[in-house]
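Notes follow once the structure below has been shown.
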Amino acid sequence: MKRVTGEDKQRCIVVMEPVERVTASVTFTNSGKIISCDSAFAHLHGYMAEGDINGFSITDVIPSVKIPLPCKTLPKYFRIQRAAGRAKDGTTFPLSIKLSTKILEDQSTKNQQDLPHKLCSAGTVQCNNFHMSVAQSSLL
261 MKRVTGEDKQ RCIVVMEPVE RVTASVTFTN SGKIISCDSA FAHLHGYMAE GDINGFSITD
321 VIPSVKIPLP CKTLPKYFRI QRAAGRAKDG TTFPLSIKLS TKILEDQSTK NQQDLPHKLC
381 SAGTVQCNNF HMSVAQSSLL
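Here the sequence shown is numbered in our numbering, starting from 261 and rising by one per residue.
So this is what it looks like as structure tokens:
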């Protein structure tokens, strides 16, 4: 924004440029291992398919992401983060991240002991997994 002084008034000039926004999602364990993602997340990081990135550490593709401790309430500073993503070829790009805890529903076909969850000290059942929505904006 630039201030321009006129004869009797001060004015501001704002230059706006169109941007493209890509939204993608990924699910990873509390240790950071990627267990699933959508095709947009894979393509954003330079991979052809979702399966190409499964098993990687989330910090391989988003090095500065902050992962909270398991079985804790997700603090606000973990829920919304700004970070840089890293593509397969090493290039980096800015990201906006929304992190949430993924809770597994009890399935009648699975035994309660087979579900990957922890019983927290507060008595609530939470999954070890986190879900992340990633948005990347670039100039058109």
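Ideal Cβ placement from N, Cα and C applies to all residues, glycine included.
Can you grab the Cα-Cα spacing for the pair residue i / residue j, in whole Å?
i	j	result
N371	L329	Residue placement at N371 is flagged as unreliable, the pLDDT there being 41, under the threshold of 50; the coordinate-derived value follows with that caveat. Cα-Cα distance, rounded: 26 Å.
F338	Q396	18 Å
P335	K269	46 Å
F316	V325	14 Å
A284	A300	5 Å
I327	F390	9 Å
V279	L304	16 Å
C272	V321	40 Å
A343	T351	14 Å
M308	V282	16 Å
G345	P323	7 Å
A302	V274	35 Å
Going along the chain, which residues of its own chain have a beta-carbon closer than 8 Å to the beta-carbon of residue i, five neighbours each way excluded?
i	result
T384	Low local confidence applies: a pLDDT of 34 at T384 is under 50, so the model's placement there is unreliable, with the coordinate-based value given in what follows. So the list is empty, once near-sequence residues are dropped.
C297	A284, S285, V286, T287, E310, I313 and N314
What residue range is occupied by the uninterrupted alpha helix (DSSP H) comprising residue i?
i	result
S299	S299 to L304
K358	No alpha helix (DSSP H) contains K358, which is instead part of the beta strand (DSSP E) from T352 to T361.
K293	Counting along the chain, K293 falls outside any alpha helix (DSSP H), and DSSP gives it neither H nor E.
K336	K336 to R339
For the beta strand (DSSP E) containing residue i, name the first residue and the last one.
i	result
I273	Q270 to I273
F316	Segment: none, F316 is in no beta strand (DSSP E) and carries neither H nor E.
E310	Per DSSP, E310 belongs to no beta strand (DSSP E) and is neither H nor E.
Looking only at C-alpha atoms, which of the options sits nearest to residue i?
i	options	result
P354	T319, V394 and F390	V394
G292	V275, T319, H303 and G306	T319
T221	R346, L359 and T351	This structure cannot settle anything about residue 221, because the visible part of the chain is limited to 261 through 400.
Q341	T351, P323 and I357	I357
K362	T351, M392, T352 and A344	M392
Could you pull out every residue in the same chain whose Cβ sits closer than 7 Å to the Cβ of residue i, ignoring the five residues on either side in sequence?
i	result
G306	A347, K348 and D349
Leaving out five residues on either side along the sequence, give the residues of the same chain with a beta carbon under 6 Å from the beta carbon of residue i.
i	result
M276	none
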